[in-house]
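Following: one structure in structure tokens, then a few remarks.
Protein chains in written order, with my numbering: chain Y, 1 to 196; chain C, 1001 to 1196; chain S, 2001 to 2196; chain G, 3001 to 3196.
Written as structure tokens, this is what we have:
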């Protein structure tokens, strides 16, 4: 299987996830400002999740770009990642509708945590498939973002039950950390090309 | 990142937005003409939004066609545009279900305004990435449509609270302005090719 | 604009229409056979519409294959066709939920009729864009299917108010007419290739 | 028609099916653990169906990869397969919401059975189109998985009315059988390449 098809399928699934999430913004029956107000938390959680999915789409694409052989385990690790991301609309809607209550906020972090671990697993499998001269390994380097994020998610899950706003802040913080597009991989690819 | 993938992802998201919008046309329970009648405003707002999304798809495609290097900021400006467009089904449904009431009609204009600004921002970033000999800059030229549309949206938002029909008329007018496909870019591309 | 992108976008929209249609099959609350039974008409109308959309996807693809220059009017004629097809899930659900009542059955035919006319318009625009030696014109030939179908739809719409089953039968008949894939275009393309 | 377009359309439909399935996980109104608990069966059935659709996507892709000529019957056999797969979200939701009751569990097996038969039919048509030296025929070989699965589905459907858990176990068992990606086809393709 070529990487192109894995990318195309992942892109399709991500495009659909990002778009059906907006269906949780249920059209209110009244036409007043008071009818719109209760939707604000749902809207804010939608913005946050939109940014997260944008980050995943972006980094996922860069990562797959280094991959030139799709093995069976890479394929299933990729589906595993898409599975957790497919739960984002559900937890986004639950957190938003319940105005960032404790348990929904913790579960939101739980899904982000599982997606981060799934992403890490996929990354390791691609590195392993590339052998000792792995371009991706060099690109990822120390991978402090990839290692810090799960820890912050765990922290946020724990804090959610006590100070929910602290959990929310951590989710925003992690998103900001990643918003800066991952130029490491691009740079390593350029270096690999130059070395040839 | 190649432009092709940015286009493919944007196309996917636009195709889904345009299609899930029809889900706001809720199937009525009765089978009579009287059951269908209340859906007419929803249907009309659906037609309007369908045309708007068609225009965005068309012009977005022509614009991206001139872009040969996708930077991180172009990528996020594109996601920013898709974000505002993803809200179109929501405001379409809200405006339609409330029979073009004042606030929903104003919010509809608000989302169109944000999308127009996001489109303008994306356009400026692509022009900047192309340097002084930018093909897109030449193509866009004075860009009177791009500058007039946000003004008309602001006017429509203000008018919505007094004469809602005036806001609707302006939305239809702007759509008609843009319905004429943007041949400027095509012409500039042809000129650039001929000059080579 | 290349045909490839028009095809890809149309395919995306058609894939989504065909799939969200299944959302009209609402999951019943009970787990007995009696809970499933009322869904039978919805299911049957789903099967019919699935076949129709499959036919459109198939023939649309063959037609676009002959098109080598996408003009602004072809592009909008294509969006116009997609617009009418996007209403298929709505009329399918309405007809199914009301157990093939008169008005929903007539409206179903109305949407099919508009889609057929939109398809015909797109076909004529592509033929016109190809000039006197149009491959598509030769392929389409007398186009008896394309001319007969709208007439049968009109007949079905009229009959729906008197004998609804007659309208249903005509919809099934037209689907069967088209189910036989349109080899005319393929043959004409082969002939054009051989002549070169 | 080229295989590429058939693949792209099938991928699109599969990506949408896999993603809209998550919409059956309805966001609960309360924010407590007690509000989440009733969703567990829906979640479990979602996991099972996600794996099944992943398997279909994977094997379908490998199979189409061997196909170099898309005939009309292959095209419709493919749509026929997509039709049965499009019903997976419905039966998944019905089985999950009714906590794996007898009839929904049997119908789940019924849809899996029809999809398996549709897959088999498509496979036979591709083999027939390839003539006596069919790469796919060699790849599929004895096809014990393809022959065993329908039998296990029939068994599960029968058992569902007596011991529902036995039906569930069989569904999980068949999924595990197929989870091991189908390397037979890849191997046969390599052999065919080496022989050249």
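Cβ coordinates follow ideal geometry from the N, Cα and C atoms, glycine included.
If you're wondering where the values come from, they're calculated on a predicted model, not measured in any experiment.
How would you list, in chain order, the residues of chain Y whose beta-carbon sits under 7 Å from the beta-carbon of residue i?
i, result
"residue 1098 (chain C)", "31"
"residue 1125 (chain C)", "Neighbours of residue 1125 (chain C) on chain Y: none; closest Cβ ~14 Å, over 7 Å."
Could you have a look at residue i and say whether DSSP puts it in helix, strand or coil?
i, result
"residue 1068 (chain C)", "coil"
"residue 162 (chain Y)", "coil"
"residue 3002 (chain G)", "coil"
"residue 2132 (chain S)", "coil"
"residue 1113 (chain C)", "helix"
"residue 3190 (chain G)", "helix"
"residue 3026 (chain G)", "coil"
"residue 1087 (chain C)", "coil"
"residue 2078 (chain S)", "helix"
"residue 2143 (chain S)", "coil"
"residue 2009 (chain S)", "helix"
"residue 1197 (chain C)", "This structure leaves residue 1197 (chain C) out entirely; chain C is present only between 1001 and 1196."
"residue 2118 (chain S)", "helix"
"residue 2156 (chain S)", "helix"
"residue 3031 (chain G)", "coil"
Have a look at the options and flag the residue whose alpha-carbon is nearest the alpha-carbon of residue i.
i, options, result
"residue 104 (chain Y)", "G:3078, G:3027 and G:3058", "G:3027"
"residue 65 (chain Y)", "Y:99, Y:172 and Y:135", "Y:135"
"residue 2070 (chain S)", "C:1073, C:1070 and C:1058", "C:1058"
"residue 2024 (chain S)", "S:2161, S:2190, S:2041 and S:2068", "S:2041"
"residue 2045 (chain S)", "S:2005, S:2109, S:2179 and S:2115", "S:2109"
"residue 2038 (chain S)", "S:2004, S:2150 and S:2096", "S:2096"
"residue 3077 (chain G)", "G:3114, G:3143, G:3091 and G:3174", "G:3114"
"residue 3149 (chain G)", "G:3137, G:3129, G:3015 and G:3170", "G:3170"
"residue 1190 (chain C)", "C:1062, C:1146 and C:1002", "C:1062"
"residue 3179 (chain G)", "G:3164, G:3050 and G:3034", "G:3050"
"residue 1141 (chain C)", "C:1187, C:1012 and C:1164", "C:1187"
"residue 60 (chain Y)", "Y:163, Y:165 and Y:146", "Y:146"
"residue 2165 (chain S)", "S:2121, S:2192, S:2106 and S:2120", "S:2106"
"residue 3079 (chain G)", "S:2153, S:2003, S:2158 and S:2015", "S:2015"
"residue 3083 (chain G)", "S:2094, S:2158, S:2047 and S:2102", "S:2047"
"residue 1098 (chain C)", "Y:154, Y:124 and Y:36", "Y:36"
"residue 143 (chain Y)", "Y:123, Y:34, Y:154 and Y:94", "Y:123"
"residue 197 (chain Y)", "Y:153, Y:94 and Y:13", "Residue 197 (chain Y) lies beyond the range of chain Y shown here (1 to 196); nothing can be said about it."
Could you list which residues in chain G have their beta carbon closer than 7 Å to that of residue i, in chain order?
i, result
"residue 79 (chain Y)", "3054"
"residue 2041 (chain S)", "Within chain G, no residue comes near residue 2041 (chain S); the closest Cβ sits about 15 Å away, beyond 7 Å."
"residue 2050 (chain S)", "3083"
In whole angstroms, give me the CA-to-CA distance for residue i and residue j.
i, j, result
"residue 1167 (chain C)", "residue 1176 (chain C)", "14 Å"
"residue 1032 (chain C)", "residue 30 (chain Y)", "25 Å"
"residue 2118 (chain S)", "residue 89 (chain Y)", "36 Å"
"residue 3067 (chain G)", "residue 2081 (chain S)", "31 Å"
"residue 1194 (chain C)", "residue 1133 (chain C)", "15 Å"
"residue 3043 (chain G)", "residue 17 (chain Y)", "17 Å"
"residue 2111 (chain S)", "residue 2100 (chain S)", "15 Å"
"residue 1010 (chain C)", "residue 22 (chain Y)", "16 Å"
"residue 3172 (chain G)", "residue 3156 (chain G)", "11 Å"
"residue 2085 (chain S)", "residue 2055 (chain S)", "12 Å"
"residue 1074 (chain C)", "residue 1137 (chain C)", "15 Å"
"residue 1139 (chain C)", "residue 2128 (chain S)", "28 Å"
"residue 3072 (chain G)", "residue 2091 (chain S)", "28 Å"
"residue 2053 (chain S)", "residue 2087 (chain S)", "11 Å"
"residue 163 (chain Y)", "residue 7 (chain Y)", "39 Å"
"residue 102 (chain Y)", "residue 160 (chain Y)", "5 Å"
Below 9 Å on C-beta distance, what does residue i contact in chain C?
i, result
"residue 58 (chain Y)", "1001, 1072, 1075, 1076 and 1079"
Shorter than 7 Å, the distance from the beta carbon of residue i to the closest heavy atom of the ligand HEM, or not?
i, result
"residue 3075 (chain G)", "In the structure on display, the ligand HEM does not appear, and there are no ligands present to speak of."
Residues of chain G with CB under 8 Å from residue i, in chain order?
i, result
"residue 2028 (chain S)", "3094"
Given that residue i touches chain Y, what residues does it touch there, using C-beta distances under 9 Å?
i, result
"residue 3090 (chain G)", "Those within 9 Å of residue 3090 (chain G) in chain Y number zero; the least Cβ separation is about 17 Å."
Please list the partners that residue i has in chain C, where partner means a Cβ-to-Cβ separation under 8 Å.
i, result
"residue 2005 (chain S)", "1007, 1011 and 1061"
Quick one: which chain S residues come within Cβ less than 7 Å of residue i?
i, result
"residue 3086 (chain G)", "2019 and 2022"
What residues from the stretch 8 to 24 of chain Y come within 9 Å of chain C, judged by C-beta to C-beta, listed N to C?
Answer in chain order: 8, 11, 12, 14, 15, 16, 18, 19, 20, 21, 22 and 23.
Residues of the stretch 1097 to 1116 of chain C whose Cβ lies closer than 7 Å to any Cβ of chain Y, in chain order: Those residues of the stretch 1097 to 1116 of chain C that come within reach of chain Y (Cβ to Cβ, closer than 7 Å) are 1097, 1098, 1101, 1103 and 1104.
Requested in this report: Closer than 8 Å, Cβ to Cβ, to anything on chain Y: give me those residues from the stretch 1127 to 1141 of chain C, in chain order.
Outcome: Listed by position, the residues of the stretch 1127 to 1141 of chain C near chain Y (Cβ gap below 8 Å) amount to none.
- Taking only beta carbons into account, state which residues of the stretch 2159 to 2182 of chain S come closer than 7 Å to chain C, listed in chain order. Answer set for the stretch 2159 to 2182 of chain S: empty.
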